[in-house]
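Novice:
Chains as they are written, first to last, in UniProt numbering: chain Z, 1 to 155; chain R, 1 to 155; chain X, 1 to 155.
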């Protein structure tokens with residue numbers, strides 16, 4: 001296990017583990033948030049979820065689409081589309097042996113941009129706040145990807 | 001390659017590889033299952049997929065939303081939202097060097113909960129079976145994430 | 001950091017890093033492509049995105065579902081459902097120490113199949129071109145998964 005200890009002890013890897021875990025936990029929080037909005041808006045996708053209804057008509061009425069629920073779900077989907085690529089490319093980037101300060105800059109900017117993105121999406125804040133936070137995340141991941149390709153290119 | 005051999009030979013890593021592969025394969029099975037429901041229900045999302053129809057009216061009629069297909073797709077989406085975080089955080093957790101028995105407990109509970117979740121979603125079973133299996137998975141991944149953050153925290 | 005250097009220097013790992021990065025970047029390109037179609041079709045999902053509209057009626061008219069936008073989004077979703085499993089299982093497969101030529105075959109076939117899949121989905125090409133490229137990707141990932149399970153099985 002000496003090698004594992006070495007990997008997990010490099011500061012860049014520790015930083016990656018920390019920021020990746022934080023941003024994945026943030027993404028996972030979108031599920032309970034969706035559930036919260038489904039219960040408060042009484043809006044469900046499955047008949048078996050409408051147990052709080054008393055009559056069959058009430059049950060059917062709860063099988064609907066609610067704009068607040070859809071907003072949280074779009075935010076969750078945007079997280080999947082952006083945070084997963086960050087984690088994959090960030091891991092490979094970490095293994096290319098970048099400077100600690102450069103790596104920390106990438107990790108912090110990405111995680112910060114995604115936290116602001118969620119706030120901008122859910123409140124919502126006026127555009128272009130959501131578009132800008134989305135783009136910052138995209139550029140950060142692309143910057144790490146370019147280093148992976150420059151260091152590891154083997155076609 | 002000595003180091004790679006060491007990593008792949010640690011029992012926790014072997015267990016992680018096994019359970020991660022099994023649960024990702026389970027997730028991948030949702031695609032053929034969606035295709036199966038689309039063909040048996042004759043319900044498609046793209047005009048070019050309706051080749052089995054004989055008349056243009058039949059083609060248009062097949063471009064519809066079917067509740068069984070949507071149920072499988074929601075189950076697939078829930079897998080993406082939960083199994084990917086498990087894989088990411090599970091890998092980092094594995095690298096923190098946990099006890100084999102503790103790690104196996106986490107991996108087995110998570111994979112078991114997701115197998116039951118799929119059964120509960122597709123049949124469907126009455127609630128709260130689906131909610132409970134979902135929550136067990138969420139708690140398991142969160143437990144691994146807390147160990148990663150306690151071991152590797154570097155902000 | 002000797003071990004990290006060793007890992008990142010094995011040719012199979014370099015090849016995996018390259019192909020995984022390329023195919024994840026391809027997936028990330030679907031977001032700007034969705035934005036492009038949303039702006040050219042004037043079709044948005046959030047009220048705050050309709051800033052280009054002049055009157056409140058125009059804003060409401062832009063909150064609609066467009067078939068071209070939905071097609072790009074389905075393609076993006078299919079990428080998430082297939083490329084992420086490839087990356088996860090491909091990483092574990094890489095760590096099992098496969099032959100370089102066998103590994104390259106898997107990586108190239110998968111990435112090639114997904115590039116063609118996107119072309120087949122967006123143009124669109126007549127079926128079964130999209131179905132075949134999808135299946136090739138599924139079989140490639142399953143082949144890597146079977147090697148992981150045969151090498152690492154630990155239940």
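Where a beta carbon is used, it is the ideal one built from N, C-alpha and C, also for glycine. What you are looking at is a predicted structure, and each value in this text was computed from that prediction instead of being measured.
1) Among 52/R, 46/R, 47/R, which has the Cα closest to the Cα of residue 40/R?
2) For residue 144/R, go through chain X and note every residue whose CB falls closer than 8 angstroms to its CB, in chain order.
3) Residues of chain Z with a CB under 7 angstroms from the CB of residue 27/X: which are they?
4) Rounded to the nearest angstrom, what separates residue 42/X and residue 153/Z at their Cα positions?
5) Would residue 136/Z count as contacting chain X if we go by Cβ distances under 8 angstroms?
6) Can you have a look at residue 100/X and say buried or exposed, based on whether 16 or more other CB atoms are within 10 angstroms of its CB?
7) Just to confirm, is the Cβ distance from residue 116/X to residue 86/X under 8 angstroms?
8) Excluding the 5 residues preceding and the 5 following residue 17/R in the sequence, name in chain order all residues of the same chain whose CB lies nearer than 6 angstroms to its CB.
9) For residue 140/Z and residue 56/R, I'd like the C-alpha separation in whole angstroms.
10) Under 7 angstroms Cβ-Cβ, which residues of chain A neighbour residue 45/Z?
11) Helix, strand or coil: which one does DSSP assign to residue 19/Z?
12) I want to verify the contact list: residues of chain Z whose CB lies under 9 angstroms from the CB of residue 14/X, in sequence order.
13) How many whole angstroms separate the CB atoms of residue 15/Z and residue 104/Z, which I take to be in contact at a CB cut-off of 8 angstroms?
14) Which class does residue 43/X belong to by DSSP, given the choice of helix, strand or coil?
15) Taking residue 55/Z as the query, report the chain X residues whose CB atoms sit under 7 angstroms from its CB, ordered along the chain.
16) Kindly indicate if chain Z contains any beta-carbon less than 8 angstroms away from that of residue 24/R.
17) Report yes or no: is there a C-beta of chain R within less than 8 angstroms of the C-beta of residue 11/Z?
18) What beta strand (DSSP E) runs, 3 residues minimum, are completely inside the stretch 53 to 116 of chain X?
19) Just the Cα atoms here: how many angstroms apart are residue 37/Z and residue 95/X?
20) Shorter than 8 angstroms from the beta carbon of residue 88/Z to some beta carbon of chain X?
21) Residue 1/Z CB to nearest chain X CB: under 8 angstroms?
22) Does the count of Cβ pairs from the stretch 69 to 79 of chain Z and the stretch 28 to 36 of chain Z closer than 8 angstroms reach three?
23) Distance, Cα to Cα, residue 130/Z vs residue 145/R?
24) Note down, in chain order, each residue of its chain lying with its Cβ closer than 8 angstroms to the Cβ of residue 22/R, except the 5 sequence neighbours on either side.
25) Should residue 1/X go down as buried or exposed, given a rule of 16 or more other Cβ atoms within 10 Å for buried?
26) With DSSP collapsed to three states, give me the class of residue 126/R.
27) Determine the direct distance from the alpha carbon of residue 70/X to that of residue 133/X, and round the result to whole angstroms.
28) If contacts are defined as beta-carbon pairs under 8 angstroms, then residue 28/X and residue 63/Z qualify, I think. What distance do you get, rounded to the angstrom?
29) Taking C-beta to C-beta, are residue 90/R and residue 20/R nearer than 8 angstroms?
30) For residue 82/X, which option in 149/R, 26/R, 66/R, 126/R has the closest C-alpha, if you only look at C-alpha atoms?
Specialist: According to the structure shown:
1) 52/R
2) Per Cβ cutoff of 8 angstroms: no residues; residue 144/R is ~16 angstroms from chain X at best.
3) 85
4) Taking the Cα positions, residue 42/X is about 39 angstroms away from residue 153/Z.
5) Not one chain X Cβ lies under 8 angstroms of residue 136/Z.
6) exposed
7) no
8) none
9) 47 angstroms
10) Considering every chain present, this structure includes no chain A. Its protein chains are Z, R and X.
11) DSSP places residue 19/Z in helix when its eight states are reduced to three.
12) Chain Z residues near residue 14/X: 151, 152, 153, 154.
13) 6 angstroms
14) coil
15) Ordered by position in chain X, no residue passes the 7 angstroms Cβ test against residue 55/Z, which lies about 32 angstroms from the chain.
16) no
17) yes
18) none
19) 42 angstroms
20) yes
21) For residue 1/Z, the predicted structure reports a pLDDT of 30, less than 50, and the residue's modelled location is therefore unreliable. A value from the coordinates is still provided. Interface residue (Cβ-Cβ distance to chain X less than 8 angstroms): residue 1/Z is not classified as such.
22) yes
23) Roughly 28 angstroms between the two C-alpha positions.
24) Excluding residues within five positions, the ones whose Cβ falls inside 8 angstroms are 111.
25) Model confidence at residue 1/X stands at a pLDDT of 30, short of 50, so the residue's coordinates are unreliable; what they give is reported in the following sentence. So residue 1/X ends up on the exposed side.
26) If DSSP states are grouped into helix, strand and coil, residue 126/R belongs with coil.
27) 20 angstroms
28) The Cβ separation is near 34 angstroms, so there is no contact.
29) yes
30) 26/R
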